[in-house]
Amino acid sequence: MNIISRRRFVGAAASAAALLALRNQSFAKEEPVQGWESRRGVNPLIDNMRVVCGVNAGMITKTPTSWEMENQNEVISIEQVDRTLDAMAVSLTQKTEPNDAWQAIFQKPKEKSWKEVKVAVKVNCNSKNNGRLAVIGKICRSLNTIGVPMQNIIIYDGRSDAWGNYARFVNKGLPDGVIVSKGNKSLGGQTKIALPWNKKDKYDCTADIANGVIDIIVNIANNKGCDATFGKTTLTLKNHAGTFNPLPLHFGGGMDYLLAFNKSHAIMGAATPRQQLCIVDSLWGMVKGPFGVPEKQLDRLVMGTFAPSVDYLTATKIREPMLGASHNQISRFLTDFGYAENEATDLVPVKL
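In the numbering used here, the protein residues as written are 726 to 1077.
Below you can see the structure in the form of structure tokens.
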């Protein structure tokens, strides 16, 4: 029988504890019940309140014959969308070259190389107003230029299923090698996590988003309306109702639940921010929603690093003046994250 001295036992226990702590640090397993700190910056090079809007009528070549995926995408100029998003990245970062700008936007965990980084691209699939292939494709190619392998980029909508909309376009509008998830299947399924506003209950969330397997989230939403209980709009904040279970939104959770899951470490990350880029595909817009077809051509894309300011400025500077839409409680998009409304005043124009 081996007898372990108390000194050896304590030393072994301390070593094990240190190893466990190092492993937890390396894999960045944050406790998801913790919320995002008010006013914490997503990117040290970009102010949270800086949001840019690319305006380019050349992105749409003609009116689509229908709102089926093939038809609405065949009228989009890939070249002009690329040009617009590059110019927006330059403006957002205040760099001079697109490659430098994209490298400034995306941040990797210190312990990983770019070839190890995994990216989830959240799209919205519950209407005929879907993220255009050219927009999604450009983001994938920009990530790949930095060093992220295409097979490490997963396009998903855990609620409405990106597979049906986008899988057939891989290598036919979307880059070859990217993965389109069927529901949450390519992202580990679902798991339950607590949220900052209600620690006694747990809520369904895309597993690899919740557990830190995904390093970077790119949130690509569309310009649509929605229920008055959470702002009468569905932009980047509401887009994560396809990462979390959307049902509590309609059964008492409302704006509280919407903002809670957007404050969670599952979305915002901890040591390295997880959601690093938010885009509103506003080529067309809808006053109402979330279902239905686009109502008005807007020729715009909106980009920022912080979803609350992206949504607030899209609502007040595009939806209200250009679509005649009204909104409810959207001041909370800012105030619940520690900002005043007068801090989000400018939607920086990028005209081409």
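Ideal placement from N, C-alpha and C gives every residue a C-beta, glycine not left out.
Treat the numbers as computed from the prediction; the structure is a model and nothing was measured.
When only Cα atoms are considered, Asp1024 and Asn781 end up about 6 Å apart. Non-local beta-carbon contacts of Asn851 in its own chain, meaning distances under 6 Å to residues more than five positions away in sequence, involve Ser885, Pro1015 in chain order.
Closest by C-alpha distance to Val873, out of Ala887, Arg857, His1052, Ser838, is Ser838.
The bridge partners DSSP lists for Lys1076 are Val780. Met813 is the residue among Glu836, Pro973, Met813 whose C-alpha sits nearest the C-alpha of Asp825. Remark: C-beta atoms of Cys930 and Phe976 do not approach each other more closely than 8 Å. Residue range 844–847 is occupied by the beta strand (DSSP E) that includes Val844. Cβ neighbours of Glu1066 within its own chain (closer than 8 Å, five residues either side excluded): Tyr1037, Ser1056, Leu1059, Thr1060. Of the residues Ile878, Lys910, Pro769, Arg775, the one whose Cα lies closest to the Cα of Thr1070 is Arg775. If you draw a 10 Å sphere on the C-beta of Gly766, you find fewer than 16 other C-beta atoms in it, and that means exposed. Taking all protein chains in view, the Cβ of Pro998 is crowded by 16 or more other Cβ atoms within 10 Å, so the residue is classified as buried. For Gln828, the uninterrupted alpha helix (DSSP H) run begins and ends at 823–830, by DSSP. Here Lys1076 is actually not in contact with Leu1048; their C-beta atoms are around 20 Å apart, not less than 8 Å. Relative to the Cα of Asp981, the nearest Cα in the group Ala935, Val1012, Leu920 belongs to Leu920.
Residue pairing of Pro998 in beta bridges, as defined by DSSP: Gly994. If the five residues before and after Thr1039 are omitted, its C-beta is found closer than 6 Å to the C-beta atoms of Leu960, Val1005, Val1027, all from its own chain and listed in chain order. Judged by DSSP secondary structure, Arg866 falls within the alpha helix (DSSP H) whose first and last residues are 858–871.
For Leu1002, the closest alpha carbon among the candidates Leu1008, Ala946, Leu984 is that of Ala946.
Residue state for Trp761 is assigned as coil, using DSSP reduced to three classes.
Contact check between the stretch 832–847 and the stretch 938–952: three or more CB pairs, one atom from each, fall below 8 Å, which counts as touching. With respect to the C-alpha of Lys835, the residue from Val1073, Gly1010, Lys1013, Ala996 having the closest C-alpha is Ala996. Of the residues assessed, Lys910 falls on the exposed side of the cut-off, its CB having fewer than 16 other CB atoms within 10 angstroms. With contacts defined as CB atoms closer than 8 Å, Ile771 and Leu817 qualify as a contacting pair. The beta carbon of Thr954 sits closer than 6 Å to those of Gly979, all from its chain and outside the five residues before and after it, given in chain order. For Thr809, the CB contacts under 7 Å within the same chain, skipping 5 residues up- and downstream, are Gly779, Asn781, Met784, Leu1026, Leu1077 in chain order.
Secondary-structure assignment with DSSP links Ala946 through a beta bridge to Val1005. Following the DSSP letters along the chain, one finds Asp926 inside the beta strand (DSSP E) bounded by residues 923–931. Going by C-alpha positions, Gly856 is about 33 Å away from Asp926.
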